[in-house]
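Chemist: Residue numbers 0 to 181, in numbering that gives the first Met the number 0, belong to the letters of the sequence shown in order.
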Amino acid sequence: MHVVLSIGGSTMSHDGKPDVPLLKKLAAVLKKSRNSFGIVTGGGHNARVYANAARELGANEFEADAVAILSTKKNAHIMVHALKGLAYQNVLDDFEEARAVAQDHKVVVMGGTIPGITTDTDSVLLAEALEAKRVVNVSNVEAIYDSDPRKNKSAKRFAKLTYEELNKLAAKSDMRKAGTHF
């Protein structure tokens with residue numbers, strides 16, 4: 000069975016440095032698993048910093064997002080190194096290619112793919128391509144809220160959401176701005 004992991008960039012690095020011990024632990028867990036995995040890495044704080052710098056230099060949202068995607072690719076390359084011997088050793092950019100490569104490899108890794116969509120969306124698209132039965136979102140926020148709980152102390156936490164409820168929440172919060180989450 001395929002499982003897709005959407006790994007937030009802020010969980011992979013701290014203070015601008017990759018969390019090598021965490022990546023080694025993840026590799027050990029994946030190695031023991033009977034499942035196959037698709038991994039999509041986010042860009043984290045670095046992606047937001049560079050997208051904001053691009054905006055300050057006159058970039059539009061599409062261009063700022065293209066800059067942010069480079070941070071996701073950097074994290075994807077680090078992930079591939081952490082999974083040496085376990086994962087396909089190239090970062091993939093195409094969902095059809097990922098599907099083909101996944102037939103012969105336990106793990107495939109991607110970063111962001113298309114300006115204008117989040118790596119969370121990329122994860123769902125990869126799940127569709129791999130016919131994955133599960134998507135796991137690894138984030139530095141432990142649940143889904145109606146707003147950022149770090150900024151809004153009265154943010155409402157959801158224990159469970161239907162697809163329709165999640166879609167409505169995402170549409171309400173979607174800013175179409177590089178480096179943001181819905």
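Note that the Cβ used here is the ideal one computed from N, Cα and C, for glycine as well.
1) Would DSSP call residue 114 helix, strand or coil?
2) Answer yes or no: do residue 108 and residue 75 have a C-beta to C-beta separation smaller than 8 Å?
3) Can you tell which of 87, 100, 55, 42 has the C-alpha that lies nearest to the C-alpha of residue 12?
4) Just reading off the alpha helix (DSSP H) that residue 66 is part of, what are its end residues?
5) Decide if the stretch 34-50 is in contact with the stretch 104-121; the criterion is three or more beta carbon pairs, one per stretch, under 8 Å apart.
6) Roughly how many angstroms lie between the CA atoms of residue 37 and residue 101, to the nearest whole one?
7) What does the alpha-carbon distance come out to for the pair residue 156 and residue 167?
8) Could you spell out where the alpha helix (DSSP H) holding residue 186 opens and where it closes?
9) Taking a contact to mean a Cβ-Cβ separation below 8 Å, would you say residue 193 touches residue 50 in this structure?
10) Out of 54, 56, 26, 78, state which residue places its alpha-carbon closest to the alpha-carbon of residue 17.
11) Which residue spans inside the stretch 83-149 form an unbroken alpha helix (DSSP H) run of at least 4?
12) Which class does residue 16 belong to by DSSP, given the choice of helix, strand or coil?
13) Rounded to the nearest angstrom, what separates residue 4 and residue 52 at their Cα positions?
14) Take the Cβ of residue 153 as the centre, count every other Cβ of all protein chains shown within 10 Å, and call the residue buried at 16 or more, exposed below.
15) When you compare the CB positions of residue 29 and residue 82, do they come within less than 8 Å of one another, or not?
16) If you follow the alpha helix (DSSP H) that residue 35 is part of, which residue opens it and which one closes it?
17) Identify every residue that forms a DSSP beta bridge with residue 4.
Modeler: A quick look at the data gives this:
1) The three-state reading of DSSP puts residue 114 in coil, since its state is none of H, G, I, E or B.
2) Yes, the Cβ-Cβ distance between residue 108 and residue 75 is below 8 Å.
3) Cα-wise, what sits closest to residue 12 is 42.
4) That run of the alpha helix (DSSP H) goes 60-81.
5) A contact is defined here as three or more CB-CB pairs under 8 Å, and the stretch 34-50 meets this definition with respect to the stretch 104-121.
6) Looking at the two C-alpha atoms, the distance is approximately 8 Å.
7) For residue 156 and residue 167, the distance between alpha carbons rounds to 15 Å.
8) The chain is shown from 0 up to 181; residue 186 falls before or after that span and cannot be answered.
9) This structure does not reach residue 193, given that the chain is present from 0 up to 181, and the question cannot be answered.
10) Selected option, being the one with the closest Cα: 78.
11) Fully enclosed alpha helix (DSSP H) runs of 4 or longer: 94-101, 118-129.
12) Of the three classes helix, strand and coil, the one that applies to residue 16 here is strand, per DSSP.
13) If I take the Cα positions, the gap works out to 29 Å.
14) The residue in question, residue 153, is exposed, as its Cβ has fewer than 16 Cβ neighbours within 10 Å.
15) Residue 82 is positioned such that its CB atom lies closer than 8 Å to that of residue 29.
16) In the DSSP assignment, residue 35 falls outside any alpha helix (DSSP H) and within the unbroken beta strand (DSSP E) covering 35-40.
17) Bridge partners of residue 4: 38, 135.
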